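Participant: Before we start, here is the structure in question, set down as structure tokens.
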Amino acid sequence: MTKNAFEQYKARILEAAKMLDLRPEEAAALETPDRVLEKTLSVKIGEKTLEYPAYRVQFSNARGPYKGGIRFHPEADLDEVKSLAAMMAIKCAVVNIPMGGGKGGITFDPKKHTKEEIHALSRAWVAAFHDFLGPDTDVPAPDVYTNAEIMGVMLDEYEKRAGKNAPATFTGKPLSLGGIAGRDTATAMGAVFILEAFVKQKKWEPKNLRVAIHGFGNAGATMAILLHERGYRIVGVADSKGSLIDGDGLDPDALEKLKQEGKSLVDAPGKTRGKPEDVLTMDADILVPAALDGVITKDVVENFKAKLMVELANGPTTDEADSLLEKKNVPVIPDVLANAGGVTVSYFEWMQNRKGENIAREKVNEMLREHMEKAWEEVSRFASEHATTYRIAAFSLAASRILEAKRDRGLTF
């Protein structure tokens, strides 16, 4: 039976607890949210009344304010939001930024609503949870089907209610409202920096490495372009409609332009087309799942050909698949490290807002590289010293940092 998202998180905490020899009370402290908030939003627009469930979960502020995105999705629910908030706490601790975990959402399909309705629901979400937000309390950001525009609307609603300017309350904002250069590419850029550090450590040559990317949204497409620029050969890509495979290499810039025109990857001329899942088991050196959770299953791994997997998506690998990858000696750079570039640059945005500064894109990327390389060095060293996977190493490091902060506050378990 497949675990739900929060059960999977707890299973990974249990693995870290065994590695760190934690007492049951200490492990339990890493499994319990600080606050779970639920509301029903009700918005009247003309003759129409919209009512949808909304959430915010706050998970461990021992190291700093809660931090995490807000998603608008018809399948968003409390279990999902709770698990993602917990993962944000781990993610922030892995890259050692002084923030905790948070996640929020509204259970609705934004594709079926007008911009006016989406903006009204965005303001209603802030109205519902306003008392629990703030630059020193909880700092939301974009997530699934939310973006800089939505963050601008939410910031406006928050500041009206607070009666003051407070740009550091939200990150991922438009540049005109205190957003930061480089946030749009940060998730992919962070993963590239981690991959480059891994490749350098293994003494591999980028020009000899074939990369397959499952998912061609913002993060997947950006990573494809960045790797192509660095000499990696992109041999397979997939979106929701299908896949393209070319052993000689694809041009991700041209494919991104195609997507911007509203077309699918399968509309590209002269390439081998297939199902989206075909790239998961194709002949490549590096696989990057960059779209959905749970796509790397036991069946996929049984036909796996890649010698490294980089989890750009959140939760792409099932527990069964993870165990089999370990048995097959296929290293996995886990999501809590691989895609932490986004929250790291959000932290930089929060810092720049607090200081009243504007950080240039080149400086942002320089700071991001430094953070990601340091995090990789620490996770890699822990994995080597304890003969464990990068996932268990990342969770163990994060757990130890969160618990250290709790102990230093005089908290007992």
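Under my numbering, the letters of the sequence shown match residues 506 to 918, in that order.
Every residue gets a Cβ at the ideal spot worked out from N, C-alpha and C, and that includes glycine.
All values derive from a computational prediction rather than experimental measurement.
1. How many Å lie between ASN652 and ALA598 at the Cα?
2. Could you give the first and the last residue of the continuous alpha helix (DSSP H) run that contains ILE518?
3. Taking 7 Å as the limit between beta carbons, can you name the residues of its chain near ASP584, skipping five residues before and five after?
4. Grouping DSSP H, G and I as helix and E and B as strand, with all else coil, what is ILE685?
5. Skipping 5 residues on each side, what residues in its chain have a beta carbon closer than 7 Å to that of TYR852?
6. In three-state DSSP terms, what is ASP643?
7. Along the chain, where does the alpha helix (DSSP H) containing LEU908 start, and where does it finish?
8. For ALA629, tell me which candidate among GLY609, GLY684, THR690, LEU842 has the shortest Cα-Cα distance.
9. Report back the beta-carbon spacing between LEU546 and GLU556 to the nearest angstrom; my notes put them in contact at under 8 Å.
10. What distance in whole Å lies between the Cβ atoms of ASP744 and THR777, which are believed to be in contact at a cut-off of 8 Å?
11. Determine contact between the segment 871-889 and the segment 696-704, defined as no fewer than three beta-carbon pairs at a distance below 8 Å.
12. Using CA atoms only, rank isn't needed, just tell me which of HIS578, ALA516, ALA625, TYR514 is closest to LYS549.
13. Using only alpha-carbon positions, find the residue among ALA888, VAL850, LYS911, ASP648 that is nearest to VAL600.
14. Helix, strand or coil for MET506, going by three-state DSSP, please let me know.
15. Quick check on this structure: which residue in GLU580, PRO774, SER748 has the alpha carbon closest to the alpha carbon of ALA759?
16. Have a look at LYS616, VAL784, THR893 and flag the residue whose alpha-carbon is nearest the alpha-carbon of GLU831.
17. Excluding the 5 residues preceding and the 5 following ARG906 in the sequence, name in chain order all residues of the same chain whose CB lies nearer than 8 Å to its CB.
18. Under three-state DSSP, which class holds GLY609?
19. Under 8 Å between the Cβ atoms of ASN858 and GLY639?
20. Using beta-carbon positions only, say whether GLY725 and LEU817 come within less than 8 Å of one another.
21. Could you work out which residue in PRO538, LEU749, THR786 is closest to SER489 when comparing CA atoms only?
22. Tell me whether MET506 is buried or exposed, calling it buried when 16 or more other Cβ atoms sit within 10 Å of its Cβ.
23. With DSSP collapsed to three states, give me the class of LEU817.
24. By DSSP's criteria, ARG561 is part of a beta bridge. Which residues make up the other side?
25. Using alpha carbons as the reference points, say which of ASP648, ARG576, GLU520, LEU535 lies closest to PHE613.
26. With distances taken between CB atoms, is the gap from ALA691 to ALA865 smaller than 8 Å?
27. Once you ignore the five residues that flank GLU761 on each side, which residues in its own chain have a CB closer than 7 Å to its CB?
28. Note down, one range per segment and in chain order, each alpha helix (DSSP H) of at least 4 residues found wholly within the segment 660-720.
29. Between the Cα of ASP753 and those of ASP661, TYR737, GLU766, LEU763, spot the shortest distance and give me the residue it belongs to.
30. Cβ atoms of GLY607 and PHE564: under 8 Å apart, would you say?
31. For a quick check, are the C-beta atoms of LYS810 and ASP824 less than 8 Å apart?
32. Between the Cα of TYR571 and the Cα atoms of GLY668, PRO579, LEU589, ALA826, which residue gives the shortest distance?
33. Tell me whether LYS803 sits in a helix, a strand or coil according to DSSP, three-state version.
34. With 16 other CB atoms within 10 Å as the buried threshold, where does ASN844 fall?
35. Mapping DSSP to helix, strand and coil, what is THR822?
Facilitator: On the basis of the data shown:
1. Their Cα atoms are separated by approximately 24 Å.
2. ILE518: member of the alpha helix (DSSP H) spanning 510-525, first to last residue.
3. Excluding positions up to five away in sequence, the list reads ASN509, ALA510, PHE511.
4. When DSSP states are grouped into helix, strand and coil, ILE685 belongs to the coil group.
5. So the qualifying residues of the chain are ILE602, MET604.
6. Residue state, collapsed to three classes: strand.
7. From DSSP, the alpha helix (DSSP H) with LEU908 extends over 895-913.
8. Of the listed residues, the one whose Cα sits closest to ALA629 is GLY609.
9. With 8 Å as the limit, LEU546 and GLU556 qualify as a contact, their Cβ atoms being about 7 Å apart.
10. At roughly 15 Å, the Cβ-Cβ gap does not stay under 8 Å, so THR777 and ASP744 are not in contact.
11. These segments touch.
12. The residue with the shortest Cα to Cα distance from LYS549 is ALA625.
13. Of the candidates ALA888, VAL850, LYS911, ASP648, the one whose C-alpha sits nearest the C-alpha of VAL600 is VAL850.
14. Because the pLDDT of MET506 is 33, which lies under 50, any placement of that residue in the model is unreliable, and the number read from its coordinates should be weighed accordingly. DSSP, read as helix, strand or coil, puts MET506 in coil.
15. Nearest neighbour of ALA759 by Cα position, chosen from GLU580, PRO774, SER748, turns out to be PRO774.
16. Cα-wise, what sits closest to GLU831 is THR893.
17. Only ARG568, ALA598, ASN601 meet the Cβ criterion.
18. The three-state reading of DSSP puts GLY609 in strand, counting E and B together.
19. Cβ atoms of ASN858 and GLY639: not closer than 8 Å.
20. Judged by their CB atoms, GLY725 and LEU817 are nearer to each other than the 8 Å cut-off.
21. In the structure displayed, the chain extends from 506 to 918; residue 489 sits before or after that span and is not available.
22. Caution applies to MET506, whose pLDDT of 33 falls short of 50 and renders its modelled position unreliable; the model cannot decide the point.
23. LEU817: coil per DSSP, three-state reduction.
24. ARG561 is bridged to LEU542, GLY609.
25. In terms of CA proximity to PHE613, ARG576 leads the group ASP648, ARG576, GLU520, LEU535.
26. Not closer than 8 Å, so no.
27. ALA726, ILE730, listed in sequence order.
28. Correct list: 691-707.
29. Ranked by Cα distance from ASP753, the first of ASP661, TYR737, GLU766, LEU763 is TYR737.
30. Going by C-beta atoms, PHE564 is nearer than 8 Å to GLY607.
31. Going by beta carbons, LYS810 and ASP824 fall outside the 8 Å limit.
32. Of the candidates GLY668, PRO579, LEU589, ALA826, the one whose C-alpha sits nearest the C-alpha of TYR571 is LEU589.
33. Of the three classes helix, strand and coil, the one that applies to LYS803 here is helix, per DSSP.
34. By the 16-neighbour rule on beta-carbons within 10 angstroms, ASN844 is buried.
35. THR822 sits in a strand when the DSSP states are folded into three classes.
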